[in-house]
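Residue numbers (full-length UniProt numbering): 1 to 418. We put the beta carbon where it would ideally sit given N, CA and C, even for glycine. All values derive from a computational prediction rather than experimental measurement. What follows is a short report on a single structure.
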């Protein structure tokens, strides 16, 4: 065979031993340790098989039936299948809801939704980062430094949790909204251990004339399994990643209402939602080029798995495990934000121990427990936060004893320089 062509047929171990070795080391790390980062999960072999398929070779700018490249008949079928499964997984009527499955991940999905729904410098309100929100919800520092593109291009006024309970303070949220008059209210978080009162948020949004968007990236698997409150009943737009509790590939989705609007006082009869074209245009060509077809196929596989009894049992067990570990740690005198959880994660407040999240994260790494440092309400620095986030609790019995053994010595560690 022509030696110039052999590189394309050589397996990774022979083609690039250095990368192959690194990959094998990471596989061993994941298998031998306890993985507790709430935004990570183990996806299935079938999903990874689709991710490594020849679909990665194909370019397909545009939407199914309206591509800028030829040869996309099969790609169109795959994307349409993925969209129909996405609606089915969340029990949505295709006449009332649509979905775009092309976003590369959650942050691009959020910014595409904002681009579709807002104009530059429009006002938004999302959960503050130290309260459990996400960078893409409009975070800026206490000194006023704008951190994400969301806070750079839009005027943001975050709402916060109660300093005493750790729960979202809906009364203050409403007071802020009445004064600030945002065009968009964002709900959902990355480190908030409680469910959301979507009905209350809808009432506030209606009172101030705002749209309501839910970023359910962390809890989408629980929503699909009916183990979390349903944001689709009250929200105009819902975004999500697909690799956290949904157990799919690293990708994103944007769900949007379509069809006739319910009659409201002051609105003309026969009004319809206009989100579909705006969102599709915001994804492409505004912010992305060609979609990642291998991701979309892998997402279709994951969504099919989501609709099985086994996945529903898995989601129920994840919640039960999170509650169990929170209760166990509290029984040993440790402080959990909100005194527990209603989803897949617990947020551990380390400040009573005189520890930072950085130190405990490093200590856990030494014990082959992977979790992440995380801000808690009242933190002054995101670089040295006062908490850790624990999530994706699939293993339980050995985990509890392992964690307790590790943190029996946290006070001794508090003076070291690790």
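Under the three-state reduction of DSSP, residue 56 is assigned to helix. A distance below 6 angstroms between beta-carbons, with the five flanking residues on each side excluded, links residue 106 to the following residues of its chain, in chain order: 217, 241 and 252. When DSSP reads this structure, residue 146 sits in a beta bridge with 140. Across the set 263, 45, 289 and 167, the C-alpha of 167 shows the shortest separation from the C-alpha of residue 133.
Following the DSSP letters along the chain, one finds residue 358 inside the alpha helix (DSSP H) bounded by residues 357-366.
DSSP places residue 72 outside both helix and strand once states are collapsed to three, so it counts as coil.
Taking a contact as a CB-CB distance under 8 angstroms, the pair residue 229 and residue 198 counts as one, their CB atoms being some 6 angstroms apart. The shortest CA-to-CA distance from residue 162 to any of 156, 155 and 170 is the one to 170. Segment contact: the stretch 36-50 against the stretch 292-303, three or more CB-CB distances shorter than 8 angstroms; contact assigned. In the DSSP secondary-structure assignment, residue 256 is bridged to 98 and 237. Annotated three-state conformation of residue 29 is helix, per DSSP.
Here the stretch 31-48 lies against the stretch 366-383, with 3 or more beta-carbon pairs under 8 angstroms apart.
Contact fails between the stretch 273-291 and the stretch 192-209, because fewer than three Cβ pairs, one in each stretch, are under 8 angstroms apart.
The stretch 206-222 makes contact with the stretch 177-188; the number of CB pairs closer than 8 angstroms reaches 3 or more. 7 angstroms or more divides the Cβ of residue 137 from the Cβ of residue 245. A Cβ-Cβ separation of about 6 angstroms places residue 248 in contact with residue 43 under the 8 angstroms criterion.
In this chain, the alpha helix (DSSP H) harbouring residue 179 covers 170-180.
Residue 359 counts as buried, since no fewer than 16 other beta carbons sit within 10 angstroms of its beta carbon. Between the C-alpha atoms of residue 14 and residue 20 there is a straight-line separation of about 8 angstroms.
In this structure, the CA atom of residue 263 is about 55 angstroms from the CA atom of residue 29. CA-to-CA, the gap between residue 57 and residue 72 works out to about 12 angstroms. Inclusion of residue 341 and residue 322 in the CB contact set at 7 angstroms is warranted, their separation being smaller than that value. Counting C-beta atoms within 10 angstroms of its own C-beta, residue 45 has fewer than 16 neighbours from the protein chains shown and is therefore classed as exposed.
Straight through space, the alpha carbons of residue 377 and residue 141 are spaced by roughly 13 angstroms.
Judged by DSSP in its simplified three-state form, residue 348 adopts strand.
In the structure shown, residue 132 adopts coil according to DSSP, grouped into three states.
When secondary structure is reduced to three states using DSSP, residue 35 falls in the strand class. Counting of Cβ neighbours within 10 angstroms places residue 225 among the buried residues, the total reaching 16 or more. By DSSP's assignment, residue 370 forms a beta bridge with 35. Looking at the backbone, the Cα of residue 128 and that of residue 151 are separated by about 12 angstroms. Taking 8 angstroms as the upper bound for CB-CB distance, residue 55 and residue 294 are in contact here, some 4 angstroms apart. Residue 156 sits in a strand when the DSSP states are folded into three classes.
Separation of residue 348 and residue 313 (C-alpha to C-alpha, rounded to the nearest whole angstrom) is 26 angstroms.
According to the DSSP secondary-structure assignment, residue 283 is paired through a beta bridge with no residue.
Nearest Cα to residue 365 within the set 32, 384 and 17: 32.
Annotation: the continuous alpha helix (DSSP H) that includes residue 310 extends over 309-331.
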